[in-house]
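Student: Sharing a structure, written as structure tokens. Questions coming.
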Amino acid sequence: MIPQETVNRILDSAQIVDVVGDFVTLKKRGANHIACCPFHNEKTPSFSVSASKGIYKCFGCGKSGTAVGFVMEHENMSYTEALKYLAKKYHIEVVEKEETAEEIAQRQKHESLMLVSEYAGKFFQESMNTPEGQNIAYQYFRSRGLEDETIRNYGLGWAPLNRKSLSEAARAAGYKEEFLIETGLSIKYDDGRLVDRFYDRVIFPIHSVSGRVIAFGGRTLKTDKSVAKYVNSPETEIYVKSRSLYGIYFAKNDISKQDRCILVEGYLDVLSMHQLGIKNVVASSGTSLTVEQIRLIRKFTNNITIIYDGDSAGIKAALRGIGLVLKEGMNVKVVLLPDGQDPDDFARRHTLEEVQDHIAQNEQDFINFKTDLLLDEAGNDPIKKANLINDIADTIALIPDAVVRAVYVRTCADRFEIEERIMADRVSKTRTDMIVADEKQKERERQRAVAGGYQPRRQERPASEMPPMPQDMAGMDVPPPMPDGYYPEDYGAPAMDVPVEMPPVMIPEGPVVINEPYLAPCEKELLGFILEEGCTELQFDVDSKYYVEGETINVAEFIDGTLADDEEDFVNQSYRKVYDEYFRMYDEGLTQQQMQSRLLNSMDPEIAAVAKELLIEKYQITVKNYEQSLTATSTILVQFIPKALLAYHCKKIELILKGLTAELTTEQDPDRQIDILAKISDYNRARTKLNNELGRV
Ligand SMILES: [Zn+2]
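Laid out in structure tokens, this is it:
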């Protein structure tokens, strides 16, 4: 763990313009810097950076955050990784704090598994240089049209014939048996022998988003049907299949640049396309897409183009799992390749231009694609046609955006030559059912969680969307005697739903807790003034009732003092929390900028969420009017802060009045009734006075 003092030093040192400038070319405009957004595709810049506030905001795609957040988002790092990156940039030494024994063990184990994987990756790569590797593996890769650069880039390798090569070499190099076993690289037999999972196979390493080797796919070159075509790493602490995409590390920058992700099926499809020059390509490695894979893609783009072979199996594969993609609000297009070619064949037989042309000309919107396909199948059979209409309507119902849904309803109704209303009714019915089912599911999970330590499954996939990998199932290796705890599925076939918890990539933005919505806008506004301009002096006019000769007061103290006079505390939990945290730091003597940065980067997601919301919201307004805002800031503060305080006080009184009125209707005792009436009249007077001050009638 990085000690808090070091974290603070890093946060204080990180200059957003500097940090973002390492990745994006920034141009100065007014008080801000602008650029074309690195997170979405655009020609005119809508990405804005405020040096003084230490935040960025894209007015196109809405992405926003701090320097740390930018590094996390852009480089796909965890919070700690991003801090370390910044520490290095600013030459700040990071001496990690002592962790608990458990934390150390966990981190060391994680790192050990990574190191063993990396070692194995190098081992397989180096085995390519042996005569065996040259004659078998290298020859094979070359025969598939792969160039040396691609082979090296993607770390392709060879697992030697000798079934102990890796295990023995790794043990000799000092890697522990337990980690070899846990990564699935080695298998231990009952008789104590340690053997390799991968042998006599060409190796495709699988990289994490940040480029570390986390797993392997091994393909046999034997034609023997009793040998499984593919053997894959089992799921481990560092490799969760449903969260990995083959090639994502090499493709991520191009995916965001082109604002499109091309999805293919296999390793070789990715390699050939990439080699040809289509670099925004990843593979789901045979399984249908999972929600987590879709969300991984969505970090870089909202557009997916699926390229599959044009045979019926390819089409079926394209149809599977798409429901999930649509449900996540992404745009899906489908491209079919001519006569049974897979993307690998197609890329090898055509030039870059031809492939790009084919994609551009044959790219079809998913719903239209499905409609065409099924219409063809249904022919003139009225029952089949009715089923098809319902099927398409159910698919449209998955799309979260109501406008997009409406457009599809219209075009599909046209295609089927039915009334739009019929289609629309079905869509809305399915949608209602779906939302109800989702709610029930969530409720069940909540109850299960309450019932006792029962973790809800990471995701629920309908069985139809979890087909086994055909390649894996085609003729399993004759299973060796399994050591205790191993199941045949553990060998070769991918383990499906092993609940492994990975450390979160992003700090989740916790929900902001609002207890009293009536007061929330006022509290938010006041808190906004504090977070934005807390340390700015208020220069009241000499004739202002707030003017005190010889005394100056800043925004934070003025607001805090006024609230204290009225014995008021913020009612809404999240706002009060941020308020208290601000003044805790204020008392420590931190500068406004330091406090902003601490709040924005708070480990408490509730605090970070409120700070982000407030600072970025205000920032949005100042960016829009940056020409005028410079002159007016002090005037605005002097005018608006007292008003905001009066308005808040007024709303509190209105709440009390509401309570008293309710009390009056249920109170039976006449004496108490008179008391209540007296109070109501007092508060009414106070309210009228406040309203007069506010200039309200
Ligand atoms: Zn953007």
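Under our numbering, the first residue of the sequence shown is numbered 312, with each subsequent residue one higher.
The beta-carbon is built from N, C-alpha and C at its ideal position, and this holds for glycine as well.
Nothing here was measured: the structure is a model prediction, and the numbers come from that model.
For the region 447-534, which segments carrying the alpha helix (DSSP H) assignment without a break, of at least 4 residues, lie completely within its bounds, in sequence order?
Tutor: 450-454, 459-464, 476-483, 488-493
Student: For a quick check, are the C-beta atoms of residue 313 and residue 407 less than 7 Å apart?
Tutor: Going by beta carbons, residue 313 and residue 407 fall inside the 7 Å limit.
Student: Should residue 397 and residue 912 be called a contact, given that it needs their Cβ atoms to be closer than 7 Å?
Tutor: no
Student: I'd like the span of the alpha helix (DSSP H) that includes residue 891, first residue to last.
Tutor: 884-899
Student: Just to confirm before moving on: does the CB-CB distance between residue 475 and residue 520 stay below 7 Å?
Tutor: The Cβ atoms of residue 475 and residue 520 do not sit closer than 7 Å to each other.
Student: Opposite residue 369 in the DSSP bridges: which residues?
Tutor: 358
Student: In the structure shown, what three-state DSSP assignment does residue 396 receive?
Tutor: Here residue 396 sits in helix by DSSP.
Student: Within 10 angstroms of its Cβ, does residue 1001 collect 16 or more other Cβ (buried), or is it exposed?
Tutor: buried
Student: Taking one C-beta from the region 328-342 and one from the region 412-428 each time, how about it: are there three or more such pairs within less than 8 Å?
Tutor: no
Student: Pull up the distance between the alpha-carbon of residue 496 and that of residue 335, whole angstroms please.
Tutor: 40 Å
Student: When you compare only the Cα positions, how much space is there between residue 869 and residue 889?
Tutor: 17 Å
Student: Please report the straight-line C-alpha distance between residue 708 and residue 637, rounded to a whole angstrom.
Tutor: 9 Å
Student: Does the beta-carbon distance from residue 833 to residue 959 come in below 7 Å?
Tutor: yes
Student: Using a Cβ-Cβ cutoff of less than 6 Å, which residues in the same chain neighbour residue 511 once the five nearest sequence positions on both sides are dropped?
Tutor: 472
Student: Using three-state DSSP, classify residue 574 as helix, strand or coil.
Tutor: strand
Student: Among the candidates 542, 568, 528, whose CA atom is the shortest distance from the CA of residue 557?
Tutor: For the residues 542, 568, 528, the minimum Cα distance to residue 557 belongs to 528.
Student: At which residues does the beta strand (DSSP E) containing residue 648 begin and terminate?
Tutor: 642-648
Student: Just how far apart, CA to CA, sit residue 514 and residue 457?
Tutor: Between residue 514 and residue 457, the C-alpha separation is close to 14 Å.
Student: By the three-class DSSP mapping on this structure, what secondary structure does residue 613 have?
Tutor: coil
Student: Taking the alpha helix (DSSP H) that residue 376 belongs to, which residues open and close that run?
Tutor: Note, residue 376: premise wrong, no alpha helix (DSSP H); beta strand (DSSP E) at 375-377.
Student: Between the region 945-954 and the region 904-911, are three or more C-beta pairs nearer than 8 Å?
Tutor: no
Student: Who's in the neighbourhood of ligand 1, going by beta-carbon under 5 Å from any heavy atom, listed in chain order?
Tutor: 348, 350, 351, 369, 371, 372
Student: Considering just the uninterrupted stretch of the alpha helix (DSSP H) at residue 697, what are its terminal residues?
Tutor: 693-708
Student: Counting pairs of beta carbons, one from the region 737-750 and one from the region 692-709, are three or more of them closer than 8 Å?
Tutor: yes
Student: Exposed or buried, what is residue 839 when buried is set at 16 or more other beta-carbons lying within 10 Å of its beta-carbon?
Tutor: Looking at its Cβ environment, which holds 16 or more other Cβ atoms inside 10 Å, residue 839 is buried.
Student: Whole angstroms are fine: how far does the CA of residue 613 sit from the CA of residue 524?
Tutor: 26 Å
Student: In its own chain, which residues sit with a C-beta less than 7 Å from the C-beta of residue 493, not counting the 5 before and 5 after it?
Tutor: 424, 547
Student: Evaluate contact between the region 901-908 and the region 363-370, counting only Cβ atoms and requiring at least three cross-stretch pairs below 8 Å.
Tutor: yes
Student: Buried or exposed: which applies to residue 875, given that a residue is buried once 16 or more other Cβ atoms fall within 10 Å of its Cβ?
Tutor: exposed
Student: Give the DSSP bridge partners of residue 340, in chain order.
Tutor: 343
Student: Determine whether the beta carbon atoms of residue 480 and residue 434 lie at a separation below 7 Å.
Tutor: yes
Student: Please identify the residue among 567, 534, 469 whose C-alpha is closest to the C-alpha of residue 450.
Tutor: 469
Student: Does the distance from the C-beta atom of residue 332 to that of residue 348 stay below 7 Å?
Tutor: no
Student: What does the Cβ neighbour count give for residue 466, buried or exposed, with the cut at 16 atoms within 10 Å?
Tutor: buried
Student: So the candidates are 551, 500, 925; which of them puts its Cα closest to the Cα of residue 886?
Tutor: 925
Student: What is the DSSP secondary structure of residue 326, counted as helix, strand or coil?
Tutor: coil
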